[in-house]
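Colleague: Numbering (the numbering used here), first residue to last: 173 to 288. Note that CB positions come from ideal geometry on N, CA and C, so glycine has one too. Computed from a prediction, not measured in an experiment: that's the story for all the values here. Pasting a structure here, questions to come.
Structure follows, in structure tokens:
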């Protein structure tokens with residue numbers, strides 16, 4: 173077991189389960205239209221991880237898409253411009269992703285574009 177081993181865990185080995193747990197909770201909140209809680213979880217996710225430095229394709233694209241979708245939901249509920257600005261920012265990031273990461277993230281970019 174890990175506790176009996178002399179191995180030292182890499183920081184990413186500890187962070188990834190926490191990050192994925194947070195993103196799954198965001199998804200569940202969105203499914204039940206609990207956008208306030210999802211927004212708090214998105215803030216927590218952004219504080220825990222520097223998404224710009226994370227090399228994981230799935231983590232970057234999923235996290236940014238969830239943040240954009242939560243922003244869209246919050247904008248629909250509150251009509252506050254900060255949520256619309258966040259959605260537009262995530263859309264711009266996905267336009268750049270489509271140019272740099274290939275067509276595999278186009279579906280996520282189109283979902284965010286539809287929310288605008």
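#1: Just to confirm, is the Cβ distance from residue 236 to residue 266 under 8 angstroms?
#2: In angstroms with no decimal places, state the Cα-to-Cα distance between residue 209 and residue 201.
#3: How would you call residue 280, buried or exposed, if buried means at least 16 neighbouring beta carbons within 10 angstroms?
#4: Looking at C-alpha atoms only, which residue of 245, 269, 285 and 195 is the closest neighbour of residue 206?
#5: Please state the DSSP three-state secondary structure of residue 207.
#6: Report the start-end ranges of each beta strand (DSSP E) in the segment 219-267 that is 3 residues or longer and not cut off at the edges.
#7: Buried or exposed, going by whether 16 or more other CB atoms sit within 10 Å of the CB of residue 269?
#8: Hey, quick one: how far does the alpha helix (DSSP H) through residue 284 stretch, first residue to last?
#9: Rounded to whole angstroms, what is the Cα-Cα separation between residue 204 and residue 285?
Modeller: Considering the structure as presented:
#1: Counted from its first residue, the chain shown places residue 236 at position 64. Counted from its first residue, the chain shown places residue 266 at position 94. It is a contact, given that the beta carbons lie within the stated cut-off.
#2: For the purposes of this step, residue 209 is taken as the residue at position 37 of the chain shown. For the purposes of this step, residue 201 is taken as the residue at position 29 of the chain shown. Between residue 209 and residue 201, the C-alpha separation is close to 7 angstroms.
#3: For this step, residue 280 is matched to residue 108 along the chain shown. The residue is buried, with at least 16 neighbouring Cβ atoms inside 10 Å.
#4: The residue labelled residue 206 in the question sits at position 34 within the chain shown. For residue 206, the nearest C-alpha among the options comes from 245.
#5: Here residue 207 refers to the residue found at position 35 when the chain shown is read from its first residue. Helix at residue 207.
#6: none
#7: Here residue 269 corresponds to residue number 97 of the chain shown, with the count starting at 1. Flag for residue 269 reads buried.
#8: On the chain shown, residue 284 is found 112 positions in, with the first residue counted as 1. Element bounds for residue 284: 278-287.
#9: Here residue 204 is taken as the residue at index 32 of the chain shown, counted from 1. Here residue 285 is taken as the residue at index 113 of the chain shown, counted from 1. One C-alpha to the other measures close to 22 angstroms.
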